[in-house]
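Only one structure is covered here, and it is reproduced in the block below.
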Amino acid sequence: MSDYPPADDRLKHLLAQEINLSVDTWKLAFWIADGIVKDPAIRAELERIAAAHGKGQPCGDRHCEACFANAHAEAEQPPQASHSKWRVETLDPIANEWAPSSALPSLEAARQRLAQAQQIAPKWRDDKTPVARRIVRETVTYAVEAEG
Ligand SMILES: [Zn+2]
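Numbered according to my numbering, the sequence shown spans residues 1 to 148.
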């Protein structure tokens with residue numbers, strides 16, 4: 001590790017470097033930085049931020065990039081919650097494919113439709129084999145696309 005900024009005066013030197021971009025002399029920048037590092041309110045705020053980070057909690061400071069990015073990610077919601085609908089499918093034994101019913105709004109409605117179908121037509125009329133049916137859930141999810 002480099003000796004500059006000095007370990008026991010690093011904060012003041014870092015502040016002075018930043019201030020030096022806006023003032024005419026290093027001496028003035030160093031003088032302003034000295035006032036900042038000694039200010040009790042500023043020191044208390046630095047300790048509050050460090051304590052929050054030490055506990056793994058967000059510090060709440062908008063200039064803290066990591067905490068701000070996390071808060072922003074949590075606040076970002078998809079445009080719409082996912083939607084599900086249910087269908088009762090019937091196995092077409094000739095095509096060997098599942099044929100869907102119309103969409104039903106709930107699993108309960110699908111179970112009722114399945115029970116009704118099994119009661120009305122438990123077997124195929126032509127060869128009397130049992131009709132295979134199943135309930136499927138179809139879920140539509142929404143995501144925000146990145147701007148192209
Ligand atoms: Zn933070």
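We put the CB at the ideal spot given by N, CA and C, even for glycine.
Asked                                                                                                                                    : Found
Counting along the chain, where does the beta strand (DSSP E) carrying residue 91 start and finish?                                      : 83-92
Find out if the Cβ-Cβ distance for the pair residue 37, residue 21 is shorter than 8 Å.                                                  : no
Taking residue 87 as the reference, which of 94, 107, 80, 93 has the closest Cα?                                                         : 107
Residue 66: beta carbon under 7 Å from a heavy atom of ligand 1?                                                                         : yes
In its own chain, which residues sit with a C-beta less than 7 Å from the C-beta of residue 1, not counting the 5 before and 5 after it? : Legend: pLDDT at residue 1 = 49, less than 50; position of this residue unreliable, no value from coordinates given.
Let me make sure I understand the geometry here. Which of 119, 139, 142 has the alpha-carbon closest to that of residue 131?             : 119
Could you check where the beta strand (DSSP E) with residue 40 kicks off and where it finishes?                                          : Run containing residue 40: none in the beta strand (DSSP E); it sits in the alpha helix (DSSP H), 40-54.
Quick one: grab the DSSP three-state call for residue 136.                                                                               : strand
Where do the N-terminal and C-terminal ends of the alpha helix (DSSP H) with residue 99 fall, by residue?                                : Looking at the DSSP string, residue 99 is not in any alpha helix (DSSP H); the run it does join, the beta strand (DSSP E), is 97-100.
Report the option in 97, 84, 61, 28 whose CA atom is closest to the CA atom of residue 45.                                               : 61
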